[in-house]
Amino acid sequence: MQLLRFKNSEQGFTLLEILLAISIIGIIGVYISNIHLTAWQLFNKGQTTINLNQQARIIDSYLKNDIKRAVDVDIRDVDSDGDNELLLNLGENTNSDQDDTDDMTHYYLQYNVKNQRLNIKKTANFFNDSGVRYPNWPEPAAWGENRAITKDIVSDFEFKDLNNNRQLIFYEFKISMDNDLTTVSNTIHPRILME
């Protein structure tokens, strides 16, 4: 009877072949990780652009709608740096819920920038209409707290009365986020009521 003999095979991978395979896998891994990193950076850049454009639309929407509703506008310098604030009188509303009095309410908005955020303050002025069309602007103590409209992205801003008669209001905001910059500007005609 013949015993089966197994042939002792000395075949296998040499050290050089293993090192070559590891090198090829490493190079492919580096390329794949670079592609992944680039895709991630592009995704983040796209998200930043989307967020910045969303903030720009919010700024434009708030200001455009409120300036169009305003019956009186005032732009005041608040410091020596040229920063200013926009005051809007949204007009009179009769308090129809109450008894038969002539009480009227003027609603006011104040737009300002503090700590790189566009803020809005609101107040109402209750008065008895005795022939005075517009009451004085509310005192600073009458205004409510700042409510932030945007994140801290405003790098520069300007409110301007273009023809000095409160009929054409211009605003411009430069907003930036993660080294991405955009500008929001518009020119709006308020609903000014002639005195």
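Here our numbering is used: the first residue of the sequence shown is 1275, the next is one more, and so on.
C-beta atoms are modelled at their ideal positions from N, C-alpha and C, and glycine is treated no differently.
Option in the options with minimal Cα separation from residue i
i, options, result
"F1447", "L1290, Q1329, A1313", "Q1329"
"I1332", "T1457, H1463, I1466, R1465", "T1457"
"I1349", "I1292, E1366, G1365, Y1385", "Y1385"
"P1464", "R1421, G1320, K1338, L1455", "K1338"
"R1391", "N1460, G1365, D1426, L1360", "D1426"
"Y1445", "W1417, D1334, Q1321, I1466", "D1334"
"V1387", "E1413, N1439, V1428, T1312", "V1428"
"I1324", "I1466, S1459, D1452, I1462", "D1452"
"L1442", "W1417, D1430, T1461", "T1461"
"I1420", "N1327, N1439, K1395", "The question names Ile, but residue 1420 is Asn in the sequence shown. Considering only alpha carbons, the answer is K1395."
"N1389", "A1422, R1440, L1361", "A1422"
"R1440", "S1307, L1360, L1326, T1322", "L1360"
"D1430", "G1365, S1459, Y1305, I1302", "S1459"
Residues bridged to residue i (per DSSP)
i, result
"F1317", "Partner(s): none; F1317 has no beta bridge."
"Y1385", "L1360, I1394"
"L1455", "S1450"
"K1425", "BP columns for K1425 are empty, so no partner."
"F1287", "None; F1287 has no bridge partner."
"I1462", "I1443"
Where the beta strand (DSSP E) containing residue i begins and where it ends
i, result
"L1442", "Taken as a continuous stretch (DSSP letters only), L1442 belongs to no beta strand (DSSP E), as it is neither H nor E."
"V1345", "Unbroken run through V1345: none, as it is neither H nor E."
Neighbour-count burial assignment, residue i, 16 or more Cβ in a 10 Å radius
i, result
"H1310", "exposed"
"L1315", "The question names Leu, yet the displayed sequence has Gln at residue 1315. Looking at its Cβ environment, which holds fewer than 16 other Cβ atoms inside 10 Å, Q1315 is exposed."
"F1317", "exposed"
"I1299", "exposed"
"L1293", "exposed"
"L1436", "exposed"
"L1290", "exposed"
"L1455", "exposed"
Close Cβ partners of residue i (< 7 Å) along its chain, the five nearest in sequence each way excluded
i, result
"N1363", "A1344, V1345, D1346, H1380, Y1382, Y1408"
"P1412", "Y1382, T1397, N1399"
Sequence-distant residues of its chain with Cβ nearer than 8 Å to residue i (five each side left out)
i, result
"N1358", "I1349, R1350, D1351, V1352, E1432, F1433"
"D1374", "Per-residue confidence for D1374 stands at a pLDDT of 46, beneath the threshold of 50, marking its modelled position as unreliable; the derived number appears in the next sentence. For D1374, where only same-chain residues beyond five positions count, there are no Cβ hits under 8 Å."
"T1424", "Q1329, I1332, I1333, R1391, L1392, I1449"
"Q1285", "none"
"K1342", "I1462, H1463, P1464, R1465"
Chain-order list of residues whose beta-carbon lies under 6 Å from that of residue i (same chain, five-residue window excluded)
i, result
"K1319", "none"
"A1398", "T1379, Y1381"
"L1326", "M1451, D1454, T1456"
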